[in-house]
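Residue numbers (our numbering), protein chains in the order written: chain A, 1 to 314; chain S, 1001 to 1314; chain X, 2001 to 2314; chain U, 3001 to 3314.
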């Protein structure tokens, strides 16, 4: 049996035919319609029909990944801020249109599942996936199963508290992990450095055409890859905080492997080295504890489609 | 089928016959032999034999709970500091003596399992048990299964980091949760108060015969139950930190229910109220998020025997 | 001899004739010209001439208070962001126009001096004045003298670090005191509360016509004066942080008296009580240490004129 | 006129004849009598008489430095824990015995005064002296005068709060600066490193004959001077925290110069470099602010005698 995985992003809806080995056999892409649940279900249905038209009758189910809180029945999107959805019965809407079994999944969960089954975590039963994007997302595979939690909102690791009374977060709390170890945190470090020590940050400023506000994640990554000391310092600081978080997650979950994805992880060893060093220094039970692996994600942007498709199969 | 659950504590080995409903049908108790793995296995075997002698042939397996790191095969005690065990093949030693299938479990995991199956967490698939004893222990039941982690050391929640650069912990790290929300933390608050504001702490000092060092957990609990403002303040502070930890665990695990046990929980509503208030104020996703329950443990000291016995059945 | 004190604010230039007892005998007010140092000196001169015209020849000196960094010679405004001044020789500009000796002072220093000599701190030689306004300003009178520091920028207490890795501050640092204990911090607490617990914050929301962003300092103060629990909680939190800061300042400076001014102090006992409680609980050397007084400022908006005028006399 | 400065330490009483240029012309030393105020005054008197016998009639006053809280009249030692003194009228006891004017000073204040007048701070009017010993002591010279505070206990900088809810301090508070940036903190870093990463700490362990508890300040300093990476890391961490404290003190006091003394400063540039870097990175007002100097103390162990003697002259 084949399945179709759909990844609903803020700007595009990407869908693909996924086989039992996690390979994408065919793929289509449409723009995401804004703030219109009916139109969104139409687009998903259109993508599914197009792939079915080309790939025949062997498709047995559809999995849809979406950036938002999904309830424990995998039917309703409770909240998806960027898509303007609230208490949206997305599963039924799509199912009615395509006439196939449909499941809805949180997109970070779908991606984590893909990495656990076919990517950097394959072979392990206990995987924690961390997406270091603009914020921090997460997915947990425990005992070989995706852990969604009682209300479907587990693995919101970006909002566990790293620093009491710390930096204000858009979620209303203070000190959330994603204020310290995300892409946004990396950019804040770079811009702070450029403001308070422009000489030290000269290379980043140059890449950003001299504007502090122009210093973004790609600019810092480029400078770091060139060996620029200031950019490397930004990654070192963010990596230190990221590793602190992994240490906490290891204390709680004892996984075999952490998989790091998201834009910050594009820097490869430059972010991996400080994360691993910080993790090893801070995890409880040293010395003697067997350390979880820390690896880079392998599936990149395809993880969402692969994971949603594979979860629909199960 | 009946099973035997054994709870190896620092001073006594307690064993009981456990039925499929988590009832203890019969019970024996022996002193714990010090620092002698062979003698320890002998005592466990003696307890098992005594119960079998009285309760007949229906006993099919033995579960042994021990305060220490147990490997993922449930056979070897990696480290049990208080019992002087290191890389101890306890399962095989006991099995050889009693001729029944044996499993070894971490004692906090065993107790959590008992609460999840037969105590405050029954009916829920996602339970986080927190033991607020001298330190903080934990046990996770996720998707209806005990979550031991890859290396058998999951749920060491007492050592996830609450405060960066915080209070020094015996584990070698700083800022561990148990430095803020355990029984030891409660006592530290009480003694600090007595030292710096003896008038305010007068009732606690009176109970402790005037000695600051004499202020212990029971003294603070007694004063709090009498309504003493200073003692209530100690519980409020510790409860605030405990609730912060539950908020983090909810962000990560999204359980249906937290079960609080250990000596600090003997204060009942006095600790439960501030924990719940702090949890509700700090958990991410407010307003709108469905909140996990926070309940007191129900099985008390029997949880270890019941959980070890029931886990041996599976 | 009489003097003239001038208080240059963001919207108005207020000037008054000050006698040796800190009384204001006459007063004028003009709008502040925007971003034009010459025009600003003209306005100051015009105010001085008007007062001299009415009050005769007994005026011997002029003191000008300005919200900015003033150098140690009391001649140059290094930076005054809100007035658009940078390296501005304000003393000489004004002196040339009025033909009297002129000194320039930081406005918080001038106000502190007034409170120390004629207000809540009179009779004491060691006073720390804290202005809990939008941000936090300060002034130190030590050994009976205004302490300006080596480079004229002492008492920038709003930017000493309360929380490592704490809330981001406009100054480029993290965790500055004014992110926790200022009027802006009070408003942030009120708005956070309204966002995450609208029921609890109902009275504040009502005063603010239902809009979270409409909750400002006066709204919270009004609700608190009515006894609203949520508003009182906001003051309690801010007062706790304010008292922590006083404890640090007492450890460093050992003053006889703290004087609290600024908009937050308009709440009177409602802010004073939690500040005093927090200070007493956190100051080192307890029990036994003689505690500094914590008092409300007495001179209100006149402090700037009185202080600038009196400092010109010396 | 010459004076005599006396430095009462935990193990010895050192006294010297001090001239107006801060030179010690003659010196004697006796063991400190334990817990006997009368005997202590006898020893001080004996030292004074011996020096007077040798140095004639030109001695006009005696200054006595003592590690403890001294009241604002410089007459009474309120508390000196290590000497067993409490509300001790030390000035009158000594004065009666020697028949000369006597003043009592806090020893850190005396040492700060000596550095400000004759040592690393000479030529500056605003000096902050920090003694990085077992704990952290301090002394403030502001506007050319020793700042003792209203109750004589200013400059207890070791106990201003660096980290809310941070490491427990013997003073009863949490998070005091001296828990992070003192000699004791340095040793704690070294021992932590040796416990959790013995390979990395191999050289320090070797110097300490393999015992973690044997790693002390001198051991870490020796390893650091040899270039050992682990020991340098210990100094870097402690220097980072020390610089954070200087940044706070600069925000509050705006001194011209910080003078660092005490055992930790024996490492010279090894501690000075990270302190300066951290100070420059964290002080508010960057870029643009004129930075205070950070210098090593110059007078070493003689500062106590010189300062006490010179303060007696004034």
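Don't be surprised by glycine CBs; every beta carbon is placed ideally from N, CA and C.
Min CB distance residue i to chain U below 8 Å
| i | result |
| --- | --- |
| residue 2150(X) | yes |
| residue 1172(S) | yes |
| residue 2320(X) | The structure shown does not extend to residue 2320(X), since chain X is modelled only from 2001 to 2314, so the question has no answer here. |
| residue 2057(X) | no |
| residue 2311(X) | no |
| residue 37(A) | no |
| residue 2155(X) | yes |
Spatial neighbours of residue i in its chain, beta-carbon cut-off 6 Å, leaving aside the 5 residues before and after
| i | result |
| --- | --- |
| residue 3270(U) | 3224, 3235 |
| residue 68(A) | 77, 79, 80 |
| residue 2283(X) | 2247, 2250 |
Paired residues, beta bridge with residue i - DSSP
| i | result |
| --- | --- |
| residue 2174(X) | 2168(X) |
| residue 2030(X) | 2013(X) |
| residue 1134(S) | Answer is none; residue 1134(S) lacks a bridge partner. |
| residue 118(A) | DSSP lists no partner for residue 118(A). |
| residue 18(A) | 3(A), 24(A) |
| residue 264(A) | BP columns for residue 264(A) are empty, so no partner. |
Coil, strand or helix - residue i by DSSP
| i | result |
| --- | --- |
| residue 2086(X) | strand |
| residue 3151(U) | coil |
| residue 98(A) | helix |
| residue 1291(S) | coil |
| residue 3140(U) | strand |
| residue 2035(X) | coil |
| residue 215(A) | coil |
| residue 1076(S) | coil |
| residue 2210(X) | coil |
| residue 2145(X) | strand |
| residue 276(A) | helix |
CB contact check: residue i to chain S, cutoff 8 Å
| i | result |
| --- | --- |
| residue 3195(U) | yes |
| residue 3168(U) | yes |
CB contact flag (residue i, residue j, <8 Å)
| i | j | result |
| --- | --- | --- |
| residue 3268(U) | residue 3246(U) | no |
| residue 3024(U) | residue 3059(U) | no |
| residue 3106(U) | residue 3070(U) | yes |
| residue 2041(X) | residue 2094(X) | yes |
| residue 2175(X) | residue 192(A) | no |
| residue 150(A) | residue 1165(S) | no |
| residue 3276(U) | residue 3294(U) | yes |
| residue 319(A) | residue 83(A) | What is shown of chain A runs 1 to 314, which leaves residue 319(A) out entirely. |
| residue 2195(X) | residue 2179(X) | no |
| residue 1161(S) | residue 248(A) | yes |
| residue 2299(X) | residue 2016(X) | no |
| residue 2253(X) | residue 2142(X) | yes |
| residue 3216(U) | residue 3187(U) | yes |
| residue 3184(U) | residue 3135(U) | yes |
| residue 1280(S) | residue 1257(S) | no |
| residue 3031(U) | residue 3012(U) | yes |
Own chain, CB closer than 8 Å to residue i, minus 5 neighbours either side, in chain order
| i | result |
| --- | --- |
| residue 2138(X) | 2108, 2112, 2128, 2129, 2130, 2131, 2155, 2156, 2157, 2158 |
Min CB distance residue i to chain X below 8 Å
| i | result |
| --- | --- |
| residue 3067(U) | no |
| residue 1161(S) | no |
| residue 1255(S) | no |
| residue 192(A) | yes |
| residue 1165(S) | yes |
| residue 93(A) | no |
| residue 1101(S) | no |
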